[in-house]
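Just so you know, the protein sequences line up as chains A, B, C and D, in that order. Just so we're aligned: the first sequence equals residues 65 to 288 in our numbering. Just so we're aligned: the second sequence equals residues 65 to 288 in our numbering. Just so we're aligned: the third sequence equals residues 2 to 242 in our numbering. Just so we're aligned: the fourth sequence equals residues 2 to 242 in our numbering. Take a look at the structure below.
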Amino acid sequence: MTTRISRDALAARVARDIPEGAVMNLGIGAPTRVANFLPDGLEVILHTENGMLGMGPEPEPGRVDPDLINAGKQPVTEQAGSAYFHHADSFAMMRGGHLDVCVLGAFQVSERGDLANWSTGAADSIPAVGGAMDLAIGAKQVFVMTDLFARSGEPKLVRECSYPLTGVRCVTRIYTDHAIFDVSPSGLSVTELFGDNTIEELRELTGLDLVDATTFSPSDRSHA
Amino acid sequence: MTTRISRDALAARVARDIPEGAVMNLGIGAPTRVANFLPDGLEVILHTENGMLGMGPEPEPGRVDPDLINAGKQPVTEQAGSAYFHHADSFAMMRGGHLDVCVLGAFQVSERGDLANWSTGAADSIPAVGGAMDLAIGAKQVFVMTDLFARSGEPKLVRECSYPLTGVRCVTRIYTDHAIFDVSPSGLSVTELFGDNTIEELRELTGLDLVDATTFSPSDRSHA
Amino acid sequence: MISKIVSGLDEAVSGISDGAVVMIGGFGRAGQPVELIDALLAHGAKDLTVINNNAGNGDTGLAALLAARRVRKMICSFPRQVDSQVFDGLYRAGEIELELVPQGNLAERIRAAGAGIGAFFTPTGVGTALAEGKETREINGRQYVLEYALPADVALVSALRADRWGNLVYRKTARNFGPIMAAAAATTVVQVDEIVELGAIDPESVVTPGIYVNHVVAVGERAWLREGEFVGAVSTEGAAS
Amino acid sequence: MISKIVSGLDEAVSGISDGAVVMIGGFGRAGQPVELIDALLAHGAKDLTVINNNAGNGDTGLAALLAARRVRKMICSFPRQVDSQVFDGLYRAGEIELELVPQGNLAERIRAAGAGIGAFFTPTGVGTALAEGKETREINGRQYVLEYALPADVALVSALRADRWGNLVYRKTARNFGPIMAAAAATTVVQVDEIVELGAIDPESVVTPGIYVNHVVAVGERAWLREGEFVGAVSTEGAAS
Numbered sequence: 065m066t067t068r069i070s071r072d073a074l075a076a077r078v079a080r081d082i083p084e085g086a087v088m089n090l091g092i093g094a095p096t097r098v099a100n101f102l103p104d105g106l107e108v109i110l111h112t113e114n115g116m117l118g119m120g121p122e123p124e125p126g127r128v129d130p131d132l133i134n135a136g137k138q139p140v141t142e143q144a145g146s147a148y149f150h151h152a153d154s155f156a157m158m159r160g161g162h163l164d165v166c167v168l169g170a171f172q173v174s175e176r177g178d179l180a181n182w183s184t185g186a187a188d189s190i191p192a193v194g195g196a197m198d199l200a201i202g203a204k205q206v207f208v209m210t211d212l213f214a215r216s217g218e219p220k221l222v223r224e225c226s227y228p229l230t231g232v233r234c235v236t237r238i239y240t241d242h243a244i245f246d247v248s249p250s251g252l253s254v255t256e257l258f259g260d261n262t263i264e265e266l267r268e269l270t271g272l273d274l275v276d277a278t279t280f281s282p283s284d285r286s287h288a
Numbered sequence: 065m066t067t068r069i070s071r072d073a074l075a076a077r078v079a080r081d082i083p084e085g086a087v088m089n090l091g092i093g094a095p096t097r098v099a100n101f102l103p104d105g106l107e108v109i110l111h112t113e114n115g116m117l118g119m120g121p122e123p124e125p126g127r128v129d130p131d132l133i134n135a136g137k138q139p140v141t142e143q144a145g146s147a148y149f150h151h152a153d154s155f156a157m158m159r160g161g162h163l164d165v166c167v168l169g170a171f172q173v174s175e176r177g178d179l180a181n182w183s184t185g186a187a188d189s190i191p192a193v194g195g196a197m198d199l200a201i202g203a204k205q206v207f208v209m210t211d212l213f214a215r216s217g218e219p220k221l222v223r224e225c226s227y228p229l230t231g232v233r234c235v236t237r238i239y240t241d242h243a244i245f246d247v248s249p250s251g252l253s254v255t256e257l258f259g260d261n262t263i264e265e266l267r268e269l270t271g272l273d274l275v276d277a278t279t280f281s282p283s284d285r286s287h288a
Numbered sequence: 002m003i004s005k006i007v008s009g010l011d012e013a014v015s016g017i018s019d020g021a022v023v024m025i026g027g028f029g030r031a032g033q034p035v036e037l038i039d040a041l042l043a044h045g046a047k048d049l050t051v052i053n054n055n056a057g058n059g060d061t062g063l064a065a066l067l068a069a070r071r072v073r074k075m076i077c078s079f080p081r082q083v084d085s086q087v088f089d090g091l092y093r094a095g096e097i098e099l100e101l102v103p104q105g106n107l108a109e110r111i112r113a114a115g116a117g118i119g120a121f122f123t124p125t126g127v128g129t130a131l132a133e134g135k136e137t138r139e140i141n142g143r144q145y146v147l148e149y150a151l152p153a154d155v156a157l158v159s160a161l162r163a164d165r166w167g168n169l170v171y172r173k174t175a176r177n178f179g180p181i182m183a184a185a186a187a188t189t190v191v192q193v194d195e196i197v198e199l200g201a202i203d204p205e206s207v208v209t210p211g212i213y214v215n216h217v218v219a220v221g222e223r224a225w226l227r228e229g230e231f232v233g234a235v236s237t238e239g240a241a242s
Numbered sequence: 002m003i004s005k006i007v008s009g010l011d012e013a014v015s016g017i018s019d020g021a022v023v024m025i026g027g028f029g030r031a032g033q034p035v036e037l038i039d040a041l042l043a044h045g046a047k048d049l050t051v052i053n054n055n056a057g058n059g060d061t062g063l064a065a066l067l068a069a070r071r072v073r074k075m076i077c078s079f080p081r082q083v084d085s086q087v088f089d090g091l092y093r094a095g096e097i098e099l100e101l102v103p104q105g106n107l108a109e110r111i112r113a114a115g116a117g118i119g120a121f122f123t124p125t126g127v128g129t130a131l132a133e134g135k136e137t138r139e140i141n142g143r144q145y146v147l148e149y150a151l152p153a154d155v156a157l158v159s160a161l162r163a164d165r166w167g168n169l170v171y172r173k174t175a176r177n178f179g180p181i182m183a184a185a186a187a188t189t190v191v192q193v194d195e196i197v198e199l200g201a202i203d204p205e206s207v208v209t210p211g212i213y214v215n216h217v218v219a220v221g222e223r224a225w226l227r228e229g230e231f232v233g234a235v236s237t238e239g240a241a242s
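This is the structure in structure tokens:
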């Protein structure tokens, strides 16, 4: 039985890798939680692709402003230093490589860093892509934050994505509930294992040739 | 001997064709004078390609602001209703066909509306194009304002431009010191003759097959 | 005297013909020109192509226009939302056409139309199903796909304030698609909370210069400002950009 | 705490290496970052490619950089001015390379570099000598020429005010190339009159968001504002855009 850390523990782990001053876009869903774990006083600038830098947390009750929402259409707030701009300027910012980090969810990530997160390809679903393809190529570092296994038990890290692609060779690092993986020229390398998980187990479960790039001793892993 | 009207009379004649509400860019040199002849109270919005709409006349002495200049780098003023924007937005406005009128100078205009006004092609000159090529395609109507003949005596209206082109089939109308010409599918048509000039004389002097499209009786011409 | 101000919503949309390509501003509900959409519905134009980031929320605004079967085709990035039941039904029944465009390419195609750019090479979508059949090219070692300008006959936009020249300022993230749609349409119709004196908008802060605006109609201050306090019960949509 | 503020001009330009591609803001003298250019001159980087609308005025600023033989190549739209004698001399002597670009294509190429667009089809220049050898295409009945993004290693920009995140506002037509150059360069260095508290710039009026800015240095209020009155004796240049 492998160790799985909780969604919040994973969000906290991602947050530890965000340096002060980073400009960051947090995808809809679990990635949004990363903001909750940034240390107080650490200045990180949040971008939302619907036209804002310097986005603050959700408002207090009674202070919801329908003109101030994030890409998930949830109410947010304004921080000192924020700026508004139109949609073309906002996506120019992403496409031009000006964001430091995007954190995204995934259906699948291939060992060369292809991302599939916009469509399961199901025939009866209504296709909707939103900003997913722009986010996939929209930062210097593209982090994926996901469970290692889908509910069906299938691994989400794969040799080739079977779901429709969002972006090609775009993912830098994958934070999963089991371990952290870096996309490297030689494939996926494991940089950190959570709990008692071992490379061998993960190799077996995913069927991938994982490179061992862990630098933490077991005792170091207690942070997870 | 043909009749030539003065540069200011020509500027006044161009000004008569500018309707209220027009957004207009006046090229460097003689075209700039058109602004002096717009009737008081007529609202025309002047664009300058270095990033402003709602440009006003030159400032009074002692009120020159080095941050407020036109494309000719001369000091100007700000009118109520003006707006500033950056260079890409300014040229997007022109290229996108949003200006109503540009008035430009010319070395040559061909009978199909090609414009040459940026270079004489002289081997020793330092090439410089500025916004000329953008202005040439940068308005719904592109007016040229020029003497009909160069100092050398050569006509500036020609079958084919011999000088390097600024734009292809871009000129709508040519206001000259002798007559006004429209670029039409069948070539150049003369819509207005100044003074005692006749189509026959102009045909002879230019060597062009000018269409007679004048609608003014001789008595009407006294305005020039 | 220049005045782009029209007195009524009906007049503002009266020029929209059957078959028109209509851009509608807004991202979800933020910046959606609800009063103009209602006027378009009352006006009756049909067989429309609508360009909007989404495909309607709930039963009002764009969703109502869809429900009335006025829209032949949607061009958008994210039709599927928790409350997009009107579009969903039409789409599943094969009664509406959909052109799906990644959001940034949608925005850039609209921007290109306003800016006189015919087409551009974008990295977004390369290698995906949404680039299938499109021209691709490697430039300086990176792969790009060619996308074309997306113009419109009419844009319906919501802004905060206008002057009589049509200069506009927006409010917070309700700005979104407004400025680029205003520039991309042959005719731009804007609803604003308030019309102010010429000169009252700082020239340094104008977001949409009046050159892009044809008709402005004042619809009164938006509810959450009129009430003097922000609201506590705006529904937040779980799903998606 | 984020702070892009550096205390000295020397520090601001210290990262510029020999051979760098340097964008310099300004249109003629308006918006020219004179203090940063002087610092670059003192810094000593050579073999530069400089992107500016013009090619220097008089003997100061960019002209001084040219006179010191630090510039291998100019990319600009309008080198020839009444007071461009420094460039003129170098050019006639074959001692500087020139890439001439129509002003709007120059601006759009810079914008494309910042916006991640690899290349675009523009109608400007079609059929002229400046489009010779370039790919052309007809799109919807109009002719276009393909132009490529123009990025830079460094941008030197002059703005009016900044906060410590690097958010910028400009002043009047001195805005010109500043915002697009700030976005197009790997490193953007900005001189401002004044640094204000974070939050003092209205988020609706920020022109260049801090994401595009690396270093900000305050150089004091521009002379004509410091004097409390506008000036009467600024030379007006007869020639050209």
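Backbone N, C-alpha and C fix where the C-beta goes; we use that ideal spot for every residue, glycine too.
Short Cβ contact (7 angstroms threshold) for residue i with residue j
i: residue 190(B); j: residue 213(D); result: no
i: residue 76(D); j: residue 52(D); result: yes
i: residue 216(C); j: residue 7(C); result: yes
i: residue 162(D); j: residue 197(D); result: yes
i: residue 236(A); j: residue 200(A); result: no
i: residue 191(D); j: residue 158(D); result: yes
i: residue 79(C); j: residue 194(A); result: yes
i: residue 166(B); j: residue 196(B); result: no
Integer Cβ distance of residue i from residue j, believed to fall under 8 angstroms
i: residue 274(A); j: residue 263(A); result: 6 angstroms
i: residue 149(C); j: residue 137(C); result: At roughly 14 angstroms, the Cβ-Cβ gap does not stay under 8 angstroms, so residue 149(C) and residue 137(C) are not in contact.
i: residue 198(B); j: residue 61(D); result: No, residue 198(B) and residue 61(D) are not in contact; Cβ-Cβ is about 29 angstroms, not under 8 angstroms.
i: residue 74(D); j: residue 97(D); result: 7 angstroms
i: residue 98(B); j: residue 75(B); result: 5 angstroms
i: residue 1(D); j: residue 66(D); result: It is not possible to answer for residue 1(D), since the shown part of chain D is limited to 2 through 242.
Exposed unless 16 or more other CB atoms sit within 10 angstroms - verdict on residue i
i: residue 174(B); result: buried
i: residue 105(D); result: buried
i: residue 211(C); result: buried
i: residue 249(B); result: exposed
i: residue 227(C); result: exposed
i: residue 95(B); result: buried
i: residue 145(B); result: buried
i: residue 188(B); result: exposed
i: residue 256(B); result: buried
i: residue 288(A); result: Low per-residue confidence applies at residue 288(A): pLDDT is 40, beneath 50, and the placement is therefore not dependable, though the value from the model is reported in the following sentence. Classification of residue 288(A): buried, given that the 10 Å Cβ count is 16 or more.
For residue i, the first and last residue of its enclosing beta strand (DSSP E)
i: residue 89(B); result: 87 to 90
i: residue 113(D); result: Looking at the DSSP string, residue 113(D) is not in any beta strand (DSSP E); the run it does join, the alpha helix (DSSP H), is 104 to 116.
Range of the contiguous alpha helix (DSSP H) that encloses residue i
i: residue 89(D); result: 86 to 93
i: residue 79(B); result: 71 to 80
i: residue 270(B); result: 263 to 270
i: residue 311(A); result: Limits of chain A in this structure are 65 at one end and 288 at the other, which puts residue 311(A) out of reach.
i: residue 179(D); result: 179 to 185
i: residue 155(D); result: No alpha helix (DSSP H) holds residue 155(D); the beta strand (DSSP E) holding it covers 153 to 163.
i: residue 41(D); result: 35 to 44
**Item:** Segment contact, 8 angstroms Cβ cut-off, at least three pairs: the segment 230 to 246 of chain B with the segment 200 to 219 of chain B
**Value:** yes
**Prompt:** Quick check: the segment 131 to 138 of chain A against the segment 172 to 191 of chain D, are there 3 or more CB pairs under 8 angstroms?
**Reply:** no
**Request:** Decide yes or no for the touch test of the segment 145 to 162 of chain A against the segment 216 to 229 of chain A: beta carbon pairs closer than 8 angstroms, at least 3 of them.
**Result:** no
**Prompt:** Does the segment 4 to 22 of chain D touch the segment 153 to 169 of chain D, meaning 3 or more C-beta pairs lie closer than 8 angstroms?
**Reply:** yes
**Item:** Cβ pair count under 8 angstroms reaching 3, the segment 32 to 48 of chain C against the segment 15 to 23 of chain C
**Value:** yes
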